[in-house]
Every structure is written in structure tokens, then in C-alpha cells.
Amino acid sequence: MPELPEVETVRRGLAPALVGATIERVELRRRDLRFPFPERFAARLQDRRVLDLRRRAKYLLADLDDGHSLIMHLGMSGSFRIDEETPGAFHHKRDKNAAHDHVVLHLDHDRRVVYNDPRRFGYMLLIATQAIDEDKLFRGLGVEPLSGALDAAFLARVFGGRAAPAKALLLDQRLIAGLGNIYVCEALHRAHISPLRPAGSLVLASGRPTAALARLPQSIKGVLTDALKAGGSSLRDHRQIDGSLGYFQHSFRVYDREGAACPTPGCKGTITRVVQSGRSTFYCPSCQK
DNA sequence: AACACCCCCTGTCGGC
DNA sequence: TGCCGACAGGGGGTGT
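All you need for the working numbering is the position in the first sequence, starting with 1, plus 74.
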């Protein structure tokens with residue numbers, strides 16, 4: 075489930091149970107996810123206390139009391155849940171999916187944090203907290219889209235002279251870190267910019283943003299903020315930590331709505347699906363130029 | 001450098 | 001009902 079709003083929703087759900095807790099034992103049910111777990115992974119986590127749970131881009135970072143941080147990425151299908159230890163309890167609904175419970179963090183106070191990931195595109199690793207910013211996973215990351223760093227001047231600077239479609243640059247984590255396929259489609263619709271449009275065409279010869287590009291920062295922040303308020307989007311059966319469903323998918327204006335009427339007031343267009351760089355793009359050819 | 005394409009893995013859904 | 005291909009919220013690697 076993991077673009078910025080979903081990862082942040084996971085963080086907020088996990089933090090109350092995880093921060094301040096001690097990891098008493100770690101159960102690894104396989105030796106790898108996308109990558110092999112680090113050497114002595116379970117042993118290094120054992121008896122560590124969690125000092126903080128942060129998010130950077132689509133990563134979760136649990137700062138531990140030994141100067142290291144547990145880095146977690148959910149890939150395409152990763153999710154966490156919190157189980158209270160209730161011996162004898164029978165969680166019928168969990169059974170089918172339990173085959174993909176790959177990591178169990180046994181915490182104090184009889185609590186478990188369980189990581190489930192059917193496709194195993196997620197991963198976990200340990201990095202010295204102080205060295206995170208220089209780590210190769212993090213040093214190249216772009217700006218946080220909800221921060222002040224994302225504004226029209228920034229977009230004009232990174233879009234200028236680029237021939238790639240606007241959508242491709244918005245998905246590039248080296249420029250803006252945290253957007254994914256859904257929210258890029260949604261933000262471009264809100265800004266009335268075609269995802270196919272060459273990014274450079276949104277920048278004037280003077281280097282200043284066009285009027286359309288000047289709308290984009292607020293469109294990005296707006297869709298992310300709205301999604302956060304809704305607890306993220308729940309495609310298929312993904313759930314929040316507490317088992318409830320995020321509901322922003324009901325507010326999608328274009329994503330997965332091929333053939334539907336464009337929701338822009340006064341627009342008579344129809345939402346269309348095209349493929350860019352092998353991934354689906356949804357947009358309205360009528361009001362997105 | 002910049003861009004397009006392929007792949008990793010499993011599950012689900014629509015069409016036949 | 002069953003089979004088969006297309007596709008899925010990410011991102012790393014390679015080729016041009």
C-alpha cells in the first residue's frame with residue numbers, strides 16, 4: 075500500500091506500540107525479502123529499545139538505543155499489524171495470509187508487530203543512525219513533497235530542459251521522494267497538466283514556471299494532505315495497523331477510473347488509461363493539457 | 001546524462 | 001469451473 079500517505083499512516087499506527095518498547099525477540103520466517111536480511115539481524119535487534127519511529131520518503135526508520143536504525147521499506151505489498159499475545163485466540167481471518175508473515179517482532183508487554191508481504195518487494199536493514207543521510211539509499215533522495223522545499227521555483231529548476239514526460243519526473247525519487255503512481259496521477263489532474271507533457275515545456279525560457287506548473291505544488295500537497303486525512307488508500311484488502319481501512323480510494327478523480335466521466339466541473343472529458351514507462355497512467359485528455 | 005525497458009514475486013481479476 | 005494473460009501502490013539494473 076505504500077506511497078507517502080500510506081507509509082505515514084503506517085508510521086502513525088505503529089508508533090504508539092513501537093516507540094518506547096523493547097524488542098525481546100525477533101522471528102524471521104525466511105532468510106530474505108527482496109534482499110537477504112543483514113548478518114545476525116535478529117540478534118542485533120534483540121533487547122533493543124525503540125527510541126523513535128520516523129519516515130523519510132517511503133521508508134520507515136526505527137531508531138534504536140544502540141545507535142542503529144532499523145530501516146523498513148514496504149515495497150508493493152508490505153504491511154504491518156499489531157497482535158496482542160492472546161494464547162488460544164483463533165484469528166480465523168488471518169489464516170490464509172499468514173503464509174506471508176515474514177517477520178515477527180516480539181515486544182515487551184506481550185505485543186507483537188508482524189510484517190506481512192506477499193510479493194516480498196519490501197526489505198529491512200540496519201544502518202548507523204548517524205550515517206543514514208550519507209547512505210546510498212538516502213543520500214540521493216529528493217525533497218519531501220509536503221515540505222517547503224517543494225515549490226514552483228524548485229519544480230521549474232528540475233523540469234527545465236527536460237524532455238521526459240512530467241509524470242516520469244514526478245515519480246523520480248531523486249527529485250521528489252514519496253510520490254508514487256496514484257498520487258502523481260491525481261496531482262496532475264488537479265493541476266490540469268497532462269502526464270504526457272514534456273517537463274521542460276512547463277518552464278518558460280526565463281526559467282520561471284508556467285502558470286500550470288505554478289499550480290502543481292499545491293496540487294501535490296493537497297492530494298497528499300487529503301489522503302492522509304483519510305488514512306491513505308486501501309486497494310484490495312490492505313488495512314491500517316488497527317485493522318481499519320483507509321478510504322481515500324473513494325476520492326480518486328482519475329486513478330483506476332478508465333472510462334469514467336471526468337470530475338472536473340464543466341469538463342465533458344472521459345478518463346483515459348495509457349502506459350508510460352510500463353506503468354498505467356490515468357488522466358483526462360480534455361482538461362489536462 | 002537521460003530515457004525506455006525488463007525484472008524481482010505472488011495474487012487477483014476478467015475473458016474465454 | 002478452469003485456464004491464461006494482464007496487471008498491481010516500488011525501484012534497481014541494464015541497454016541505447
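Cβ coordinates follow ideal geometry from the N, Cα and C atoms, glycine included.
>> On the CB-based measure, 16 or more other CB atoms within 10 Å of its CB, does T299 come out buried or exposed?
In response: exposed
>> Within a Cβ cutoff of 8 Å, which residues of the same chain sit near F109, ignoring the five residues on either side of it in sequence?
In response: Non-local beta-carbon contacts of F109 in its own chain, meaning distances under 8 Å to residues more than five positions away in sequence, involve Y197, L199 in chain order.
> Looking at the structure shown, is L127 part of a helix, part of a strand, or coil, going by DSSP?
Replying inline: Residue state for L127 is assigned as strand, using DSSP reduced to three classes.
>> Tell me the DSSP secondary structure of F356 in three-state form.
In response: strand
> What's the C-alpha gap between E218 and A131?
Replying inline: Straight across, the Cα-Cα distance linking E218 with A131 is about 7 Å.
> Can the beta-carbon of Q31 be found closer than 8 Å to that of A242?
Replying inline: Lying outside 75 to 363, the shown extent of the chain, residue 31 is not represented and no answer is given.
>> What would DSSP say about F228, mapped onto helix, strand or coil?
In response: helix
> Looking at the structure shown, is S307 part of a helix, part of a strand, or coil, going by DSSP?
Replying inline: coil
>> Taking 8 Å as the threshold (C-beta atoms), are R353 and E332 in contact?
In response: no
> Of the residues S153, I201, A202, R193, which one's Cα is nearest the Cα of V178?
Replying inline: S153
>> Between the stretch 115–122 and the stretch 95–103, can you find at least three pairs of beta-carbon atoms closer than 8 Å?
In response: yes
>> Tell me the rounded alpha-carbon separation between R129 and A279.
In response: Pairing R129 with A279, the inter-Cα distance amounts to about 37 Å.
> R186 by DSSP, collapsed to three states: which one?
Replying inline: strand
>> With H, G and I counted as helix, E and B as strand and the rest as coil, what does DSSP make of L107?
In response: coil
> Going by the beta-carbon positions, is the gap between I256 and Y329 smaller than 8 Å?
Replying inline: Yes, Cβ-Cβ distance for I256 and Y329 is below 8 Å.
>> Looking at the strands, I want to know which residues DSSP matches up with G198.
In response: Residue identity differs from the one stated: residue 198 is Met in this sequence, not Gly. DSSP output for M198 lists M146 as bridge partner(s).
>> Suppose contacts are defined by Cβ-Cβ distances below 8 Å. Is L134 in contact with L127 by that definition?
In response: yes
>> Is it buried or exposed, R85, if we count other Cβ atoms within 10 angstroms and call 16 or more buried?
In response: buried
> Where D270 and C336 are concerned, what is the direct C-alpha to C-alpha distance, given to the nearest angstrom?
Replying inline: Checking the sequence, you will find Leu at residue 270 rather than Asp. Their Cα atoms are separated by approximately 17 Å.
> In three-state DSSP terms, what is A251?
Replying inline: coil
> Between H176 and H147, what straight-line distance do the alpha-carbon atoms span, to the nearest angstrom?
Replying inline: 14 Å
>> For L78, report the span of its alpha helix (DSSP H) as first-last.
In response: Here the alpha helix (DSSP H) through L78 covers 78–92.
> Where L229 and L287 are concerned, what is the direct C-alpha to C-alpha distance, given to the nearest angstrom?
Replying inline: 7 Å
> Under three-state DSSP, which class holds S153?
Replying inline: In the structure shown, S153 adopts extended strand secondary structure according to DSSP, grouped into three states.
>> With H, G and I counted as helix, E and B as strand and the rest as coil, what does DSSP make of P291?
In response: helix
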